[in-house]
């Protein structure tokens with residue numbers, strides 16, 4: 200038997216693998232040591248054998264409530280992913296794998312590899328309305344790339360979409376992939392009408408360093424990018440610094456920051472209600488966007504989510520609050536589950552890349568519903 204995490208986005212440490220019925224593992228913390236929850240590793244063993252994997256430090260992770268009713272994902276071919284029997288008790292996460300083939304990959308959620316990220320960029324650029332822009336380099340000297348969709352007409356609305364500020368929230372880039380495929384589909388009437396009215400600025404992966412390193416929430420410096428928007432720096436958070444610099448040049452009429460939530464088994468929005476300048480116009484836009492998204496996707500709901508900030512009490516280091524205040528625009532954080540979606544449960548697959556992508560398509564319908572009222 201062999202266990203490795205020596206690959207893109209890999210994360211696991213082997214404590215003891217002498218007994219296949221009690222393999223003891225630990226999740227490696229992000230750089231800086233503050234966060235950990237993401238795991239991604241390969242197990243090679245004997246076909247037909249059962250392996251019991253115990254993640255011993257699960258109870259000390261960033262979001263231990265995230266393990267309740269959670270099932271790990273796995274794949275033999277890195278294309279089709281399914282859920283494995285998983286239990287959490289006394290601070291230990293136990294995953295049971297009955298091998299059908301020699302090697303299985305097991306992860307916290309379906310990975311979105313750096314290679315697939317590159318494929319997404321080059322596939323998008325073949326569309327006549329798409330150009331790629333290099334915004335700058337990360338601390339590990341990776342490219343931070345912006346996908347621009349539209350003709351640049353300054354009379355149009357400017358819609359900004361960011362994903363994977365927290366790199367372990369891979370469902371965010373799966374959503375962007377689905378959204379992009381729909382947006383660039385010439386047979387999609389919603390997309391054609393949207394592009395008549397708006398230019399899109401999309402950053403599919405805000406945190407490529409953390410993604411490759413196998414981090415849950417931070418970049419190469421150990422910075423949580425979604426706490427850097429009030430005062431980003433080239434030393435700690437160049438990713439946010441470069442995106443803000445570009446936003447200042449284009450302006451922002453709608454901002455959609457895509458995330459995943461470890462604990463809540465729902466799809467929901469978190470808005471900017473606590474920002475100092477939040478007003479009736481933005482409240483109307485937010486309500487309309489939410490109502491249409493509920494019609495466009497049964498996966499989305501508005502009953503469960505985060506507590507709403509009281510007026511003027513928002514944490515302005517968060518992207519949604521900072522962008523809403525700076526540009527007086529509709530700004531939302533979209534959250535998806537790592538578990539199943541209790542709104543429309545799927546016992547076999549739980550929340551998945553496919554459902555994330557479909558939600559991306561549905562998001563365009565909600566954007567079309569509000570685009571004429573954004574200014």
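Residue numbers (the numbering used here): 200 to 574.
Cβ coordinates follow ideal geometry from the N, Cα and C atoms, glycine included.
Predicted model only: the values in this text are computed from it and were never measured.
**Request:** Return the chain-ordered list of same chain residues with a C-beta closer than 6 Å to the C-beta of residue 457, the five sequence neighbours on each side being excluded.
**Result:** 362, 371, 374 and 533
**Item:** Pair within 8 Å by beta-carbon distance, residue 383 and residue 326
**Value:** yes
**Asked** Out of 339, 420 and 536, which has the shortest C-alpha to C-alpha gap to residue 230?
**Response** 420
**Prompt:** Residues in its own chain within less than 8 Å of residue 283 by CB, not counting five upstream and five downstream?
**Reply:** 270, 271, 272, 273, 294, 295, 296 and 305
**Request:** Compare the beta carbon distance of residue 214 and residue 223 with 8 Å and say whether it is the shorter of the two.
**Result:** Residue 214 places its beta carbon less than 8 Å from that of residue 223.
**Message:** Between the alpha carbons of residue 227 and residue 248, how many angstroms are there, rounded?
**Reply:** 27 Å
**Prompt:** In the structure shown, what three-state DSSP assignment does residue 223 receive?
**Reply:** Residue 223 falls in the strand class under three-state DSSP.
**Prompt:** What do you reckon, are the CB atoms on residue 378 and residue 563 nearer than 8 Å?
**Reply:** For residue 378 and residue 563, yes; Cβs fall inside 8 Å.
**Message:** Just verifying my parser: in three-state terms, what is the DSSP assignment at residue 536?
**Reply:** DSSP places residue 536 in strand when its eight states are reduced to three.
**Cβ pair residue 424, residue 430 closer than 8 Å** = The answer is no: Cβ separation not under 8 Å.
**Item:** Range covered by the alpha helix (DSSP H) that runs through residue 317
**Value:** Unbroken alpha helix (DSSP H) run through residue 317: 313-323.
**Prompt:** If you draw a straight line from the alpha carbon of residue 529 to that of residue 523, how long is it in whole angstroms?
**Reply:** When only Cα atoms are considered, residue 529 and residue 523 end up about 6 Å apart.
**Request:** Please name the residue or residues paired with residue 213 in a DSSP beta bridge.
**Result:** 224
**Message:** Beta-carbon within less than 6 Å of residue 307's beta-carbon, same chain only, minus the 5 sequence neighbours each way: which residues are those?
**Reply:** 237 and 238
**Prompt:** If you drop the 5 nearest sequence neighbours on each side, which residues of the same chain put their C-beta closer than 7 Å to that of residue 513?
**Reply:** 471, 473, 474 and 520, listed in sequence order.
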